[in-house]
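Read through the structure below, which is laid out as structure tokens, and then see the notes.
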Amino acid sequence: KIKIGFSIDEDLRVIRAVREAIGDEMRLMIDANHGYTVTEAIRLGKAAADYDIDWFEEPVVPEQLSAYCEVRAGQPIPVAGGETWHTRYGMWPAIESRAVDILQPDLCGCGGFSEMAKIASLATLHGVRIVPHVWGTGVHLAAALQFMAAMTPDPVRVNPIEPIMEFDRTENPFRQAVLKTPIEAVNGVVAIPDAPGLGIEIDRGALAQFKMPEA
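Numbering-wise (the numbering used here), the sequence shown opens with residue 243 and increments by one.
Here's what the structure looks like:
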């Protein structure tokens, strides 16, 4: 997944360059972090569709569901969003209005495991795919992995759609330092920890190292 939302021309140059670099077999997603107007997002989506984009994430500001609906109807790339919406009550309007093709609730921001399960059930009932958003520490990664391992394939079929793990690669020493055994992506695959609980052990020394000084 690559960040866009800078300008249409610049974004298209980057999308084209990345697609040429990774070839046709690797999946590519774009994330505008609500950087566009409806008109701009539709224009970019139509042009970027030539590069086989899996989804167009947060094309417009998350509070404008009608704008999401316009973008979804006005260009061919599936629209994704949801990391800034919270609890099933915050997700429901987007699900009901089909503002997105792919819903991206954040386990640590939407209400935890129980609430995430309710959100996933609502989305499944209305034909909206779930791809959890993940952004934070190794604890967040581990929790999201455990939830994804328990997700029911949607639709249920012989060759189900495999869940996608959002694995942040930006510089963040604390993300992995907090775990005694860091969670790593190897050749695009992340193994699910199988120890008790979340499957991880916290490095207490790292917690002390990164502790904020008291005022």
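By construction, the Cβ of each residue, glycine as well, lies at the ideal position given by its N, Cα and C atoms.
- CA-CA distance, Glu-325 to Tyr-278, rounds to 17 Å.
- With a minimum length of 4 residues, the unbroken runs of alpha helix (DSSP H) contained wholly in the stretch 313 to 345 fall at 329 to 338.
- In this structure, the straight-line span from the alpha carbon of His-328 to that of Ile-361 is close to 10 Å.
- When the Cα atoms are used, Phe-389 and Asp-253 turn out to be separated by approximately 33 Å.
- By the C-beta density criterion, Tyr-331 is exposed, having fewer than 16 other C-beta atoms within 10 angstroms.
- Secondary-structure assignment with DSSP links Ala-427 through a beta bridge to Val-432.
- A direct Cα-Cα distance of roughly 10 Å separates Pro-435 from Leu-383.
- The beta carbon of Met-407 sits closer than 6 Å to those of Val-432, all from its chain and outside the five residues before and after it, given in chain order.
- Burial check for Ala-336: the Cβ neighbour count within 10 Å reaches 16 or more, so the residue is buried.
- The continuous beta strand (DSSP E) containing Phe-298 extends over residues 295 to 299.
- When the five nearest sequence neighbours on each side are left out, the beta carbons in the same chain lying within less than 6 Å of the beta carbon of Tyr-293 are those of Ile-257 and Arg-261, in order along the chain.
- Assigned with DSSP and collapsed to three states, Ile-361 falls in helix.
- The three-state secondary structure of Ile-244, taken from DSSP, is strand.
- Taking Leu-307 as the centre and dropping the five residues before and after it, the same chain places the C-beta of Pro-335, Ala-336, Ser-339 and Ala-341 closer than 8 Å to its C-beta, in chain order.
- Taking a cut-off of 8 Å on C-beta distances, the stretch 297 to 304 touches the stretch 274 to 289, as three or more cross pairs fall below it.
- Segment contact: the stretch 352 to 372 against the stretch 279 to 289, fewer than three CB-CB distances shorter than 8 Å; contact not assigned.
- When DSSP states are grouped into helix, strand and coil, His-375 belongs to the strand group.
- The DSSP-derived three-state label of Leu-286 is helix.
- Apart from the 5 residues on each side of it in sequence, Ala-437 sits with its Cβ closer than 8 Å to the Cβ of Glu-443 in its chain, given in chain order.
- In the three-state reduction of the DSSP assignment, Leu-421 falls in the strand class.
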